[in-house]
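Just so you know, the sequence shown maps onto residues 0 to 286 in numbering that gives the first Met the number 0.
Backbone N, C-alpha and C fix where the C-beta goes; we use that ideal spot for every residue, glycine too.
Note that the coordinates shown come from a computational prediction; the quantities given were computed from them, not determined experimentally.
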Amino acid sequence: MSANQQMSEAWNGGESVHYVEEADRYDRQLAPFADALIERVGLEPHHAVLDIGCGCGVTTLAAARHVRAATGLDISTPLVQVAMTRAREADVHNADFVVADAQTFSFDAGAFDIVISEFGLMFFDDPVRAFANLRRALVHGGRIAFVSWQGLEANDWVMTVGEVVRRYVPLPQLGGLAGGPGMFALQNPDEIRSLVDAAGFVDVEVEPVTPGIVIGGGGTLDESIDFLLGMGIVRGLLSRVDAADRDAAVDAVRSSLASRYQPGVGLRLGAAGWLVSARAGQSPDAG
Ligand SMILES: C[S@@+](CC[C@H](N)C(=O)[O-])C[C@H]1O[C@@H](n2cnc3c(N)ncnc32)[C@H](O)[C@@H]1O
């Protein structure tokens with residue numbers, strides 16, 4: 000099996016469908032994280048930025064407004080197609096996009112000043128190799144900044160469903176690097192520090208980011224719940240419930256969420272991520 004084959008199939012198949020259909024709503028939902036990321040990384044006009052797991056390009060295009068050039072790289076062809084269309088429609092001429100696996104792509108050494116990622120670095124089957132590859136793409140002293148999710152239990156927005164699912168079956172032990180690639184792979188700050196350090200970065204900082212997020216970026220209660228139920232993590236949790244109980248579980252999710260809906264705002268639920276930043280150390284292959 001080639002590197003990241005399963006994830007490549009997922010992000011070019013089932014996982015991509017909801018993202019492509021609902022790209023604008025995902026962007027609104029995750030805006031607090033994108034804003035924190037762009038603010039933290041300290042972009043300057045002379046920078047060349049690489050956005051890993053850029054998806055439909057929201058953070059690439061946001062970065063492009065501040066810097067001379069921004070490149071979005073993602074393993075998913077359908078998502079990158081959305082990103083390219085958005086760049087064209089918004090007349091952004093300093094952003095380009097590449098479909099590739101960030102773990103194995105042959106970057107020109109030192110081609111970028113900054114690497115950013117919004118929830119795009121948790122899906123590697125060899126995380127040290129992938130992060131070392133990103134470090135190679137950076138100039139010496141260049142910065143990486145990314146957000147990853149804290150654990151399932153820390154994320155109120157997923158646990159609204161988790162609490163219902165656990166009435167039927169135990170919740171899975173998701174995440175940590177030992178759990179393999181996936182949404183919660185980078186949930187443990189000590190593991191994040193060790194990984195980033197092993198890949199040749201220095202000055203690693205891991206800060207919590209715990210905003211409220213508006214599910215689907217707003218809309219009616221039904222629209223918000225339908226959006227949440229369409230998300231991969233939620234579909235995955237609900238699929239653990241026996242088929243005979245699934246409708247009852249979905250009804251229970253709907254009624255538990257109804258009380259949390261705020262008219263004029265939407266379904267605003269707690270979210271918890273890590274904002275990680277570090278600098279590229281001396282490349283071991285530098286002379
Ligand atoms: C949770 S989505 C985040 C997308 C986007 N950054 C956003 O915030 O909307 C994760 C992204 O990582 C991409 N991805 C997963 N594995 C990858 C890999 N090995 N190389 C590059 N991109 C990858 C997926 O295709 C997907 O677009």
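Take residue 281, set aside five residues on each side of it, and the residues of its chain with a beta-carbon closer than 7 Å to its own are 139, in chain order. At a Cβ-Cβ threshold of 8 Å, residue 202 and residue 277 count as neighbours.
Under the DSSP assignment, residue 58 falls in the alpha helix (DSSP H) whose first and last residues are 57-63.
In the three-state scheme derived from DSSP, where H, G and I count as helix and E and B as strand, residue 210 is classed as coil. For a cut-off of 8 Å, the C-beta gap from residue 153 to residue 36 is around 18 Å, too long to register as a contact. The criterion of a C-beta distance shorter than 8 Å is not satisfied by residue 83 and residue 185. In the structure shown, the three-state DSSP call for residue 21 is coil. Of all C-beta pairs linking the region 12-29 to the region 96-111, fewer than three are shorter than 8 Å, placing the two stretches out of contact. Here residue 266 has 213, 214, 215, 220, 223, 224, 227, 256, 259 and 260 as same chain residues with Cβ atoms under 8 Å from its own Cβ, once five neighbours each way along the sequence are excluded. Nearest C-alpha to residue 275 among 189, 159, 112 and 172: 189. Taking all protein chains in view, the Cβ of residue 85 is crowded by 16 or more other Cβ atoms within 10 Å, so the residue is classified as buried. Restricting attention to beta strand (DSSP E) runs no shorter than 3 residues, the region 154-212 encloses them at 200-208, ordered along the chain. For residue 8, the enclosing alpha helix (DSSP H) has its first and last residue at 4-11.
Between residue 112 and residue 46, the beta carbon gap of about 4 Å places them in contact (Cβ cut-off 8 Å). Taking the CA atoms as reference points, residue 268 sits about 5 Å from residue 156. At the C-beta level, residue 150 and residue 174 come within 8 Å of one another.
Cβ contact annotation for residue 172 (same chain, cutoff 8 Å, sequence separation greater than five): 178, in chain order. Less than 8 Å separates the beta-carbon of residue 72 from that of residue 53.
Residues 32, 35, 36, 116, 117, 118, 208, 272, 273, 274 and 275 of the same chain have their beta carbon placed closer than 8 Å to that of residue 146, with the five preceding and five following residues left out of the count.
For residue 117, there is no enclosing alpha helix (DSSP H); the residue is found in the beta strand (DSSP E) stretching over 111-117.
With a minimum length of 3 residues, the unbroken runs of beta strand (DSSP E) contained wholly in the region 59-105 fall at 68-73 and 94-98.
Note on geometry: alpha-carbon atoms of residue 74 and residue 247 lie some 37 Å from one another.
Nearest neighbour of residue 180 by Cα position, chosen from 187, 125, 211 and 233, turns out to be 125. Bounds of the beta strand (DSSP E) holding residue 265 are 265-269. Within the model, the alpha-carbon separation for residue 241 versus residue 167 is close to 8 Å.
Counting along the chain, residue 229 sits inside the alpha helix (DSSP H) bounded by residues 220-229. Just measuring C-alpha positions, the residue of 61, 198 and 102 sitting nearest residue 6 is 102.
Here residue 129 is buried: its Cβ has 16 or more other Cβ atoms, across all protein chains shown, within 10 Å. Distances from the CB of residue 29 to the heavy atoms of ligand 1 include at least one below 7 Å. CA-CA distance, residue 245 to residue 13, rounds to 20 Å.
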